[in-house]
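Chains as they are written, first to last, in this note's numbering: chain B, 1 to 283; chain Z, 1001 to 1301.
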């Protein structure tokens, strides 16, 4: 059709639209960032006002010895750092036991054994339907004196049994996520039960199991704070002791919360980066 | 058959020798525990003493009346109820903010969720309780609530909020729990909203509905169907998490149990009983919600 102005193609339209929207986008971003800064300044002001109204004597200058002290040129870690290390240790031991419990329970639930399924179901329902704090008291006040367990291990065992129930479900989900043909193939080439799981099923279920399991281990660090109730020495207990000594409740609680936040956030960022690189290499 | 379907369910088998051996081992463990308690620890069981704190015989009226542990249980249920209501309000607002374009709202809701999910509940509740008792309650003027007023002094108030004298104590617990659980509800709501297809937004906008109407009449009804089951689960979680506020002296079941175990020194009975009470409570709610969900799924077909 000669003589007529060529109609813009959809592509042209899109390009024009984008050019316009780019400028608008930038403006919107700027105004949004300004808005965000304003809101946070306001929030900060409110918190500062609240603190001032409370007449709380902030003593931040006194917190350095909570972390470390230098005596005669020798570095001595303070209670908070020692508590943090203790927390990580507690979480690591409890995590290992929890994963073991998880595997045993998951296989017991998937197995054909009547007893395995009954015991696993009882265990899972018991843990799922009672509060962690009550479980801790049951472990510490009832089971510990009966079997002669000390407070450190009753804390660890309680955490392990608690997280183990979640681990069991994660592992069971991962194993059931493996395609049916893999089981049939393993059977067809004549592998025994142990070899079938060891070489075929578990390796393929690991990508499904590992990400939620690492999330579980991170939340274990968080949950471990509860053992401070039975005075197992860890970060929260260290915080409670410091408050009893110095009466600096807010400083200490903010530091403790900040330490937990730093550890768990760092770990989750590491895990998500790791996961992303894992997915990238798979593609 | 689909290649990707899950592995076959194991065939049901009868009791094998292995099963019998395992059951025997469990029985042996139970017997050994009993031996340790009765012969080594020489523990004197006294169940009536502790059960007395559930139901107490009142000689004056000649009837059984509720005692400390049942009061605690009622407070736990109230905490869970009001905590869920408040957490749902927080969760709907924050969950919607998680999905909007506005950067400020997204940062606010995201930092709320990450902050709460990454510090231990215990630490959060200790900090927040200080804040509530020193800032919010004086501002609300709750401490000089008139306990004799007509608004307070009736049975409905007692059912919903418990003893008026303990109101500020109770509300502190509700606020702590709601702030805490709100972060989890936020994620439930966000997932529910995002599960509604983009086409629904576009179609609703195309027929000229305003943003509010799109949200109220199109998105929320569909999102609600996805939100309700996990929200019911969150209610059970809240019953369990409410035990933590016993540490800031909110007088619910775990707090009552601590008192009972220290006054009677019957530690074993108290904690076994309280554990069983929580179990029965949570398990029956789990069964109830599961039944409701199955019924709803059937009626939708």
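Every residue gets a Cβ at the ideal spot worked out from N, C-alpha and C, and that includes glycine.
Quantities reported herein were computed from a predicted structural model and do not represent experimental measurements.
Check                                                                                                                              : Outcome
Span separating the alpha-carbon of residue 1203(Z) from that of residue 175(B)                                                    : 41 angstroms
Test: residue 1084(Z) CB closer than 8 angstroms to a CB of chain C                                                                : The displayed structure is made up of protein chains B and Z, and chain C is not among them.
Residue 965(Z) to residue 1201(Z) span [Cα, whole Å]                                                                               : Nothing about residue 965(Z) can be read from this structure; chain Z reaches only from 1001 to 1301.
Counted within 10 angstroms of its Cβ, other Cβ atoms place residue 1082(Z) as buried (16 or more) or exposed                      : buried
Close beta carbons around residue 1001(Z), own chain, < 6 angstroms, minus the five adjacent residues each side                    : At residue 1001(Z), the pLDDT of 47 sits below 50, so the modelled position is not reliable and the matter cannot be decided from this model.
Selection of the segment 1036 to 1062 of chain Z by Cβ proximity to chain B, strictly under 9 angstroms                            : 1036, 1037, 1040, 1041, 1043
heavy atom of the ligand ATP below 7 angstroms from residue 1201(Z) C-beta                                                         : Only the bare structure without any ligand can be found here, which leaves the ligand ATP out of the picture.
Whole alpha helix (DSSP H) elements within the segment 1037 to 1067 of chain Z, 4-residue minimum                                  : 1047 to 1051
Contact under 8 angstroms by Cβ, residue 1182(Z) with residue 1087(Z)                                                              : yes
Which residues DSSP lists as bridging residue 75(B), in chain order                                                                : 70(B)
Neighbour flag for residue 214(B) against chain Z, beta carbons, 8 angstroms                                                       : no
Exposure label - residue 61(B); buried when at least 16 CB within 10 Å                                                             : exposed
Cβ-based burial, residue 1018(Z) [other Cβ within 10 Å; buried from 16]                                                            : exposed
Test: residue 200(B) CB closer than 8 angstroms to a CB of chain Z                                                                 : no
Short-range partners of chain B found in the segment 1229 to 1242 of chain Z, where Cβ spacing is below 9 angstroms                : 1236, 1239, 1240, 1241, 1242
8 angstroms Cβ cutoff, residue 1176(Z) in contact with chain B                                                                     : no
CB contact flag (residue 266(B), residue 1123(Z), <8 angstroms)                                                                    : no
Cβ neighbour criterion (16 or more within 10 Å) applied to residue 1075(Z)                                                         : buried
Beta-carbon proximity check, residue 1099(Z) vs residue 1211(Z), cutoff 8 angstroms                                                : no
Rounded C-alpha distance that separates residue 80(B) from residue 248(B)                                                          : 14 angstroms
CB contact below 8 angstroms: residue 1071(Z) versus chain B                                                                       : no
Contacts that residue 253(B) makes with chain Z (C-beta to C-beta distance below 9 angstroms)                                      : 1123, 1126, 1127, 1130
Best match in 155(B), 121(B), 134(B), 120(B) for proximity to residue 228(B) [C-alpha to C-alpha]                                  : 155(B)
Neighbour-count burial assignment, residue 301(B), 16 or more Cβ in a 10 Å radius                                                  : Outside the modelled stretch of chain B, which goes from 1 to 283, sits residue 301(B), for which no answer is possible.
Integer Cβ distance of residue 1107(Z) from residue 36(B), believed to fall under 8 angstroms                                      : 6 angstroms
Chain B within 8 angstroms of residue 1221(Z), Cβ atoms only                                                                       : no
CB contact below 8 angstroms: residue 106(B) versus chain Z                                                                        : no
Listed by chain order, chain B residues near residue 1165(Z) by CB distance under 7 angstroms                                      : Result: empty, since nearest Cβ-Cβ is about 25 angstroms, beyond 7 angstroms.
Residue-chain proximity (residue 160(B), chain Z), Cβ-Cβ < 8 angstroms                                                             : no
Supposed contact pair residue 1255(Z) and residue 126(B) - C-beta distance, whole angstroms, cut 8 angstroms                       : Not quite, the Cβ-Cβ distance comes to about 22 angstroms (not below 8 angstroms), so this is no contact.
Boundaries of the alpha helix (DSSP H) in which residue 58(B) is found, first to last residue                                      : Unbroken run through residue 58(B): none, as it is neither H nor E.
Given 8 angstroms, three or more beta-carbon pairs between the segment 129 to 141 of chain B and the segment 106 to 118 of chain B : no
Same chain, Cβ closer than 6 angstroms to residue 1285(Z), neighbours up to 5 away in sequence not counted                         : 1236
Where residue 192(B) sits in the DSSP three-state scheme                                                                           : coil
Nearest-angstrom Cα separation, counted from residue 1233(Z) out to residue 1222(Z)                                                : 19 angstroms
Coarse secondary structure for residue 231(B), derived from DSSP in three states                                                   : coil
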